[in-house]
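Chains as they are written, first to last, in full-length UniProt numbering: chain U, 1 to 352; chain C, 1 to 352; chain P, 1 to 352; chain F, 1 to 352.
Before any comments, here is the structure.
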């Protein structure tokens with residue numbers, strides 16, 4: 001019989017929490033032992049997300065009263081809001097230092113305390129953990145993730161941009177100072193808290209840009225692109241809101257280095273991601289749709305030359321709740337726990 | 001090592017065909033050996049449904065050239081249009097009588113040749129098979145399905161109505177002559193052929209009834225309700241089109257038999273479906289949402305008393321492509337092949 | 001030059017308020033003099049609804065500080081929440097008794113104080129006004145509306161059901177004790193306040209019933225149907241939420257009186273609504289779509305016989321924000337102010 | 001009494017045709033005298049677009065049998081497919097040379113016969129008319145439109161890009177060789193013909209780029225941008241499909257000329273469009289939504305500096321069926337017929 005890992009999910013009443021439960025319930029080696037949701041503590045998960053009514057799950061509890069040592073969790077997924085996360089994870093790892101943590105917030109993504117303070121407006125409260133944390137873009141940092149105790153799961157927008165761009169920057173195939181990322185996200189990225197701007201009637205049948213020129217995911221892009229390029233990189237990044245539930249599409253405009261062609265870019269990416277279970281390179285010139293990755297942990301990437309000489313266009317798609325959040329988190333957890341990397345993540349996209 | 005069944009899917013380029021592939025690819029005991037699609041023969045499945053690009057699948061072939069005997073398929077899912085189906089299945093079973101067939105069309109659902117001719121406007125072309133076929137609403141006909149060679153998978157609307165109503169009619173809890181089924185379906189039920197009426201711009205941001213008072217699913221309802229009640233039953237049935245991809249919701253108005261209450265109806269259904277893996281009874285008074293079964297093989301049913309004395313309201317939901325078509329078909333196939341009934345069908349609803 | 005009426009809109013930051021502004025700005029005889037929105041007082045209307053940025057409008061003010069006498073408004077549209085409305089309207093009419101009021105809340109719809117108390121859980125605070133108020137379903141109460149100082153604009157669901165049913169009850173064409181109204185509404189009916197249940201990701205790609213067997217619009221239906229039938233009428237009414245912004249569709253099941261046919265029902269309605277600018281009877285057997293009335297003040301009604309003898313199906317559609325709320329309110333205002341009934345309401349449905 | 005112009009609409013059964021009817025029916029000086037629709041000739045407009053059922057309109061006729069001289073139309077809107085248009089307009093103007101024509105196809109947009117042949121794959125069939133035609137972006141070519149007999153209405157994507165960029169190129173505020181236009185369009189832009197790719201179930205809940213690096217609207221952009229800049233300009237242009245009915249949003253990335261700032265760009269545009277009834281400049285840093293122009297003839301434009309030095313981001317929105325097609329066409333027609341430019345176009349956006 002398979003030995004199962006005891007898993008905790010903090011923030012189970014949000015969308016990324018529910019997605020962890022959806023995938024975790026069918027993971028062959030997960031035992032969902034603890035689910036927290038502060039404002040909904042005491043309720044059944046089925047009261048909060050009725051799709052789970054047919055299944056057996058622990059009751060929602062508050063994160064406050066938890067005895068981490070007694071729970072003896074093998075791994076905790078932390079899907080709490082930014083800023084509170086760093087305090088909770090500190091407490092958890094103080095009490096139960098052997099527990100592994102995959103954090104889905106932004107709290108541990110920036111390794112530079114100064115950058116964190118600049119973008120988030122306050123000093124980091126857990127500097128040692130910030131320095132310990134591994135950035136969890138698995139395809140790029142697989143080795144580090146395997147050895148990590150604390151993994152900072154990347155942002156959804158950033159994953160869509162970094163997977164195609166990091167290898168191209170590393171291989172010096174594109175100019176680092178002329179990257180434009182026009183990104184579009186489904187509404188689940190905005191979370192489940194009730195706001196006028198995310199009401200159905202405000203969103204449906206419309207489209208808009210937001211956070212133009214000052215979105216926090218830029219800090220993550222700066223960090224990873226600069227690291228890959230070996231020099232400071234500042235990319236243009238414009239997020240937009242799509243009237244769909246799931247899906248991110250990034251249309252990326254790049255300037256080719258001399259002697260490089262758009263086909264070269266595709267070749268570099270195809271080599272990089274050959275054998276990767278969750279990254280699929282389309283044929284040269286084909287362009288991906290968000291609907292073809294919906295509900296799955298897959299990323300699809302297309303490359304084509306622009307009609308302007310020396311320019312190429314790259315389009316990547318992923319499901320913001322899966323490869324952009326909870327699926328990516330489980331992929332990391334599988335590595336950290338020594339499970340097969342694809343365990344629990346083999347669902348095929350739900351289309352139509 | 002698990003022995004796998006060799007599976008054929010006829011009509012793989014339609015939505016129910018694609019759904020059979022989605023679920024079949026992850027079925028632990030299925031080998032997808034043959035995929036047919038006449039107009040797209042020669043293409044890869046990934047050209048027709050790009051979500052399958054990362055996976056290995058046989059090329060699409062025409063059903064015409066197939067040597068059924070040589071293929072030695074254990075089971076064939078037939079997702080072809082009405083009327084052509086009966087000819088194809090006849091040929092198939094003549095050539096390969098040991099192959100089992102689950103037919104997703106309406107061709108074998110009506111056991112009465114006269115009823116078939118009345119509703120479909122022409123005599124049935126395979127009368128022996130029509131009489132052999134078992135109606136595949138698993139929870140009602142499990143025993144017959146297990147022994148069947150040819151199963152007629154029920155319609156999506158009819159499944160949503162029959163699962164709550166057949167037990168109530170059998171137990172004489174409701175009046176058989178006062179049933180009103182107000183049903184609403186997502187657009188995938190209309191299939192993938194290009195028609196003006198199903199274009200995005202014709203459907204989005206709107207709602208309408210159609211086929212009022214003369215929809216073909218009525219014939220199926222008549223047959224099953226009459227059988228359950230032991231007398232002729234004609235129900236009122238009004239289908240509507242929802243601007244969503246997946247989901248059927250049936251709002252059913254029933255008149256209680258003397259001495260029966262709405263709570264009695266819930267009790268009867270809860271007893272009937274106790275232990276069923278794919279039917280979930282909500283608490284009395286709770287009402288189901290289509291979104292909580294999206295992508296899953298689950299049916300959810302709610303019951304409440306109307307404010308008019310002696311009346312009750314029952315609401316049932318299912319995903320028309322899963323429990324309303326391809327999931328139901330796999331559930332039947334599992335029984336016919338001696339596999340666990342839930343194999344390949346354990347995905348949890350994708351919400352949000 | 002046209003003499004314009006000075007108009008106030010209370011609650012301009014909600015959807016029905018915005019719709020009054022949209023239509024009112026283009027009304028040839030309206031001067032939008034006062035716009036209130038308590039929580040947004042001090043802001044420009046364009047900050048709250050950016051579509052109005054190109055137009056000149058008064059700043060939003062609080063209803064509290066208003067000097068009704070000094071404002072000398074000819075007519076006030078009151079689009080405030082239930083219960084607060086009755087207090088505001090009392091104050092207004094005390095201070096400025098010559099001002100006319102069209103109230104879009106439910107506060108003055110029920111003429112019976114006991115019924116109000118039963119459905120709303122507290123005694124009415126303005127009994128004299130409650131008895132003065134005229135129920136503003138224009139096509140039924142045109143004469144009374146013309147003479148009224150205070151009009152209670154009907155609910156959106158109730159308008160969709162009452163326009164087809166009141167004439168049939170009056171003419172004794174249908175049985176009053178067997179009416180079933182299965183109603184579906186777009187999301188703008190739920191208003192603009194931020195609630196989890198009306199977030200895009202909770203609503204999109206799904207469908208559900210709500211308030212089954214206990215929705216407050218039932219009280220209005222009881223009142224009007226009983227009045228029309230000359231006896232107590234309790235109808236079955238089930239509301240559902242559609243993932244669209246605008247539109248109500250009511251599928252109505254009725255039992256024909258002896259010697260009546262479904263075609264008779266259509267004839268009665270066609271006679272009743274002959275010459276009405278905002279009610280359009282479809283040909284017998286045709287069924288209306290919500291999209292064909294979107295943004296317009298039109299109601300469309302279809303009638304057909306059910307396949308069960310003695311039963312008929314009626315389907316009506318309207319835009320819940322126009323004929324179901326703000327357009328209906330302007331239609332009443334036009335009569336109260338002596339303007340052409342169609343002034344400002346001549347927009348044709350926006351489809352696609 | 002107002003003298004009305006006799007108007008013809010060719011291609012009334014398409015979406016732009018229906019939009020011309022919607023707006024034209026309420027135009028104070030239009031008499032809709034002739035409506036053509038070849039495949040639907042003989043039908044009522046209400047059979048094709050039921051929203052027009054309550055209104056009086058001429059029956060649909062075939063364009064083939066029309067006696068242009070006898071019809072004595074003042075102006076014809078031509079909403080026919082590309083390529084057939086040039087033949088129809090030739091015939092029309094031969095027979096009735098005094099009739100004015102606003103053509104909504106691409107046939108007369110390119111003034112250079114070689115460019116036409118290159119992009120459309122065949123020589124132009126009406127070279128004299130091609131050279132006579134005036135490009136109908138009213139705000140830029142108002143004087144020429146007033147005097148024109150034949151106006152080529154611009155494309156929807158191109159209007160969204162040209163209105164912000166032409167003034168900036170003319171004033172040499174931006175570099176002409178570094179323009180990137182990431183454009184997103186609602187589905188009505190794809191027209192009403194039945195295609196698999198535009199079915200609801202293919203489009204809903206998804207997003208994708210298409211025609212990357214080779215869309216025909218590029219030819220129009222090249223022509224107008226080069227003219228404005230006084231040098232050859234080739235812009236990067238990527239169209240995407242939004243799961244909404246109406247709306248185009250263009251996110252435009254530009255490189256500032258030395259000594260220019262993003263605020264300068266806004267100032268130039270604000271000066272250019274000061275007093276224009278259909279172009280609204282947002283405050284610096286604000287970004288427009290498609291929903292705030294839905295159903296209206298308005299364009300809204302926002303400008304902000306990018307965080308990369310020397311770069312700015314401009315976002316423009318319009319309704320592709322109104323300012324992107326039929327509203328723009330009526331605006332041109334008004335000028336050509338000496339009517340007020342805003343006649344029939346004063347509707348305010350329908351939001352929510």
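Every residue, glycine too, gets a C-beta built ideally from N, C-alpha and C.
The structure displayed is predicted, hence computed values, not measured ones.
message: Quick check on this structure: which residue in P:175, P:182, P:115, P:210 has the alpha carbon closest to the alpha carbon of residue 190 of chain P?
response: That would be P:210, whose Cα lies nearest to the Cα of residue 190 of chain P.
field: Beta carbon proximity, residue 49 of chain U to chain F, threshold 8 angstroms
entry: By this cut-off, residue 49 of chain U is not an interface position.
query: If the cut is a Cβ gap below 8 angstroms, which residues of chain P does residue 242 of chain C touch?
result: Correct list: 207, 242, 243.
task: Identify each residue in the segment 183-197 of chain C for which the Cβ-Cβ distance to at least one residue of chain F is less than 7 angstroms, and report them in chain order.
output: Correct list: 187, 188, 192, 194, 195, 196.
query: DSSP puts residue 185 of chain C in a beta bridge; with which residues?
result: Answer is C:241, C:248.
query: Would the segment 2-16 of chain C and the segment 28-40 of chain C be scored as touching if the rule is three or more Cβ pairs under 8 angstroms?
result: Contact between the segment 2-16 of chain C and the segment 28-40 of chain C is present, because at least three Cβ pairs lie under 8 angstroms.
query: Got a sec, what are the start and stop residues for the beta strand (DSSP E) residue 36 of chain F sits in?
result: Unbroken beta strand (DSSP E) run through residue 36 of chain F: 30-36.
field: Candidates F:288, F:65, F:307, of which the one nearest residue 52 of chain P by Cα
entry: Of the candidates F:288, F:65, F:307, the one whose C-alpha sits nearest the C-alpha of residue 52 of chain P is F:288.
- request: Show which residues of chain U have a CB atom less than 8 angstroms away from the CB atom of residue 118 of chain F.
  value: Chain U residues near residue 118 of chain F: none, gap ~13 angstroms exceeds 8 angstroms.
message: Please return the same chain residues whose Cβ sits closer than 6 angstroms to the Cβ of residue 9 of chain P, not counting the five positions on each side in sequence.
response: The answer, listed in chain order, is 17, 20, 35, 77.
field: Simplified DSSP assignment, three categories, for residue 51 of chain P
entry: In the structure shown, residue 51 of chain P sits in a helix (DSSP, three-state: H, G or I).
message: Whole angstroms are fine: how far does the CA of residue 148 of chain P sit from the CA of residue 158 of chain F?
response: Those two C-alpha atoms are separated by around 53 angstroms.
query: What residue ranges within the UniProt domain "Semialdehyde dehydrogenase NAD-binding" (6-148) of chain C form continuous alpha helix (DSSP H) runs of no fewer than 4 residues, ordered along the chain?
result: Listed in chain order, the complete alpha helix (DSSP H) runs (minimum 4 residues) inside the UniProt domain "Semialdehyde dehydrogenase NAD-binding" (6-148) of chain C are 15-25, 45-48, 68-71, 84-95, 113-120, 127-132, 138-147.
- prompt: Quick one: is residue 232 of chain P buried, meaning 16 or more other Cβ sit within 10 Å of its Cβ, or exposed?
  reply: Taking a 10 Å sphere around the C-beta of residue 232 of chain P, we find fewer than 16 other C-beta atoms and assign the residue as exposed.
- prompt: For residue 320 of chain C, which residues of its own chain have a beta-carbon under 7 angstroms away from its beta-carbon, when the five flanking residues on both sides are left out?
  reply: Short of 7 angstroms from the beta carbon of residue 320 of chain C, and not among the five residues preceding or following it, lie these beta carbons of its own chain, in chain order: 156, 185, 186, 188, 189, 246, 247, 248.
message: Tell me the rounded alpha-carbon separation between residue 182 of chain U and residue 256 of chain F.
response: Between the alpha carbons of residue 182 of chain U and residue 256 of chain F lies a gap of roughly 19 angstroms.
message: Quick check on this structure: which residue in U:33, U:50, U:59, U:49 has the alpha carbon closest to the alpha carbon of residue 42 of chain U?
response: That would be U:59, whose Cα lies nearest to the Cα of residue 42 of chain U.
- prompt: Are any of the Cβ atoms in chain F nearer than 8 angstroms to that of residue 25 of chain P?
  reply: Judged by the 8 angstroms Cβ criterion, residue 25 of chain P is in contact with chain F.
query: Rounded to a whole number of angstroms, what is the C-alpha to C-alpha distance between residue 144 of chain F and residue 268 of chain F?
result: The alpha-carbon atoms of residue 144 of chain F and residue 268 of chain F are separated by roughly 22 angstroms.
query: Looking at the unbroken alpha helix (DSSP H) that takes in residue 425 of chain P, where does it start and where does it end?
result: Beyond the ends of chain P as shown, which are 1 and 352, falls residue 425 of chain P; an answer cannot be given.
- prompt: Whose C-alpha, out of P:220, P:81, P:352, is nearest the C-alpha of residue 111 of chain P?
  reply: Nearest C-alpha to residue 111 of chain P among P:220, P:81, P:352: P:220.
message: Going by DSSP in three states, residue 321 of chain U sits in which element: helix, strand or coil?
response: For residue 321 of chain U, the secondary structure class from DSSP, reduced to helix, strand or coil, is coil.
field: Identity of the residues DSSP links to residue 208 of chain F by a beta bridge
entry: Residue 208 of chain F pairs with U:289, F:241.
message: Quick check on the burial criterion: 16 or more other C-beta atoms within 10 angstroms. Buried or exposed for residue 292 of chain C?
response: With 16 or more other Cβ atoms within 10 Å, it is buried.
message: Is there a C-beta anywhere in chain F that falls below 8 angstroms from the one on residue 280 of chain U?
response: Chain F contact via Cβ: absent.
- prompt: Could you give the distance in angstroms between the alpha-carbon of residue 259 of chain C and the alpha-carbon of residue 311 of chain C?
  reply: Cα to Cα, the separation comes out at about 12 angstroms.
- request: Find the nearest neighbour of residue 315 of chain F within the set F:161, F:71, F:56, judged by alpha-carbon distance.
  value: The residue with the shortest Cα to Cα distance from residue 315 of chain F is F:161.
Expected contact under 8 angstroms - CB spacing of residue 303 of chain C and residue 284 of chain C to nearest Å: Rounded to the nearest angstrom, the Cβ distance from residue 303 of chain C to residue 284 of chain C is 6 angstroms, consistent with a contact under 8 angstroms.
DSSP state of residue 174 of chain C mapped onto helix, strand, coil: Residue 174 of chain C: strand per DSSP, three-state reduction.
task: Can you tell me which of the three DSSP states residue 258 of chain P falls into?
output: DSSP places residue 258 of chain P in the coil class of the three-state scheme, outside both helix and strand.
query: Listing by chain order, which chain U residues have their CB less than 7 angstroms from the CB of residue 115 of chain C?
result: Within chain U, no residue comes near residue 115 of chain C; the closest Cβ sits about 32 angstroms away, beyond 7 angstroms.
- prompt: Using a Cβ cut-off of 7 angstroms, which residues of the segment 303-333 of chain C contact any Cβ in chain P, in chain order?
  reply: Of all residues in the segment 303-333 of chain C, only 304, 305, 306, 307, 308, 311, 313, 315 come within less than 7 angstroms of chain P when Cβ atoms are compared, listed by chain position.
- request: Anything in chain C within Cβ reach of residue 15 of chain F, meaning under 8 angstroms, just list it in chain order.
  value: Ordered by position in chain C, the residues that pass the 8 angstroms Cβ test against residue 15 of chain F are 201.
- prompt: At least one CB of chain P closer than 8 angstroms to the CB of residue 342 of chain C: is that the case?
  reply: Closer than 8 angstroms to the CB of residue 342 of chain C there is not a single CB belonging to chain P.
Assumed close pair residue 15 of chain P, residue 192 of chain P - CB separation to whole angstroms, cut-off 8 angstroms: That belief holds up - the Cβ atoms of residue 15 of chain P and residue 192 of chain P are roughly 5 angstroms apart, short of 8 angstroms.
- prompt: Is there a Cβ from chain C that is less than 8 angstroms from the Cβ of residue 169 of chain P?
  reply: With 8 angstroms as the cut-off, residue 169 of chain P does not count as an interface residue toward chain C.
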